[in-house]
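Notes follow the structure.
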Amino acid sequence: MANLSVHLAALILLGAALCAAQPRGRILGGREATSHQRPYMASVQVNGKHVCGGFLVAEQWVLSAAHCLEDVADGKVHVLLGAHSLSQREPSKRLYDILRAVPHPDSRRDTIDHDLLLLQLSEKAVLGPAVQPLPWQREDRDVAAGTLCDVAGWGVVSHTGRQPDRLQYLTLPVLDRATCNLRRYHDGTVTERMMCAESNRRDSCKGDSGGPLVCGGVAEGVVTSGSRVCGNPKKPGIYTRVASYAAWIDGVMAGAEAA
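Rendered as structure tokens:
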């Protein structure tokens, strides 16, 4: 009986150790997406390496996060569309050069405020079943707390920083701003131009920045590039509200067409 008790105690300790070792910095609770079911998804790449997500908002424009290109310097930026796997050959995949990269003029390195980036492709995207723009919210109002929204990306899936080859996704409930701003969470730093989603072991993470938070088939938010521990229930995910920047988005795209 004593040996059995020791054995059980050892199993319990082993189980606890394994739980503690589970990676926190990943899309926790997520799974591989169905191939090309999110035809708006873009991989923003620097020197051939995925750095951020993004999504097609018009034939020649991808919306992402401003912080994604902060440290690019002389790196070559491309956008990959039509991909499920980043490495495998797929008929729908195509890599586009960037004609213009336009970060929001008020974005800053030391804050996640105004963390938006518009990328103008060198040519209009070739649309098809695997490549389509995503409608984005223009009505400037908050999404109701508890609303289930979809987030996807090729962000890291382990605490060692390993990134998946295939697109991952998860569904997250929206958290109301007042709760998100409580001292035990983000302590008043979430502005009216941001929204939150719960992060209890289910979260977006590094490499997912710039991707869309999709609610009811419409992009409501963009994953910010803020530094935090992914999957920490005390640090809900923060997303830039797209509708709050509708005039800027429309203005940049219209200005490029007029030029």
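Reading the sequence shown from the start, the letters are residues -21 to -1, 1 to 238 in mature numbering (1 follows the signal peptide of the UniProt record, and there is no 0).
Backbone N, C-alpha and C define an ideal beta-carbon position, used for all residues, glycine too.
Note that the structure is predicted; figures quoted are calculated from it, not measured.
A check of alpha carbon separations from Gly200 across Val23, Glu171 and Cys209 identifies Glu171 as the nearest. Counting only runs of 3+ residues, the beta strand (DSSP E) found wholly inside the region 52 to 91 occupies 56 to 60 and 73 to 82, in chain order.
Trp133 places its beta carbon 9 angstroms or farther from that of Gln111.
Residue Cys47 holds the alpha-carbon nearest to the alpha-carbon of Asp187 among Pro18, Cys47 and Gln16. The residues Gln24 and Leu74, in chain order, have a CB closer than 6 angstroms to that of His57 in the same chain once the five nearest residues on each side in sequence are set aside. When rounded, the separation of the alpha-carbon atoms in Leu60 and Met20 is 7 angstroms. For Cys47, the secondary structure class from DSSP, reduced to helix, strand or coil, is helix. Counting other Cβ atoms within 10 Å of its Cβ, Ser183 reaches 16 or more and is therefore classed as buried. If the five residues before and after Arg163 are omitted, its C-beta is found closer than 8 angstroms to the C-beta atoms of Lys213, all from its own chain and listed in chain order. Taking each of Gly195, Gly189, Val202 and Glu118 in turn and checking the Cα distance to Glu177, the smallest one comes out for Val202. Annotation: the region 87 to 165 contains the following complete segments of the beta strand (DSSP E) (minimum length 3 residues), in chain order: 96 to 100, 127 to 132 and 147 to 154. Secondary structure note for Ala233: its alpha helix (DSSP H) is the uninterrupted segment Ala225 to Ala237.
The beta carbons of Gly9 and Gly189 sit no closer together than 9 angstroms. A straight line joining the alpha-carbon of Asp121 with that of Val135 spans about 29 angstroms. For the pair Val208 and Lys103, the Cα-to-Cα distance works out to about 37 angstroms. With a 10 Å radius around the Cβ and a threshold of 16 neighbouring Cβ atoms, Arg17 comes out buried. Distance from the Cα of Leu95 is smallest, within the candidate group Thr158, Ser43 and Gly230, for Ser43. Residue pairing of Arg220 in beta bridges, as defined by DSSP: Gly200. Bounds of the beta strand (DSSP E) holding His29 are Lys28 to Ala37.
The Cβ-Cβ distance between Ala198 and Ala12 does not fall below 9 angstroms. The secondary-structure analysis by DSSP pairs Ser22 across a beta bridge with Gly32 and Leu59. In this chain, Pro212 is not harboured by any beta strand (DSSP E), its DSSP state being neither H nor E. Judged by DSSP in its simplified three-state form, Ala12 adopts coil rather than helix or strand. When Asp89, Pro108 and Arg117 are compared, the shortest CA-CA separation from Glu69 is found for Pro108. Minimum Cα-Cα distance from Asp85 among the listed residues Tyr224, Asn26, Leu154 and Ser101 corresponds to Tyr224. Rounded to the nearest angstrom, the gap between the Cα atoms of Val105 and Glu118 is 29 angstroms.
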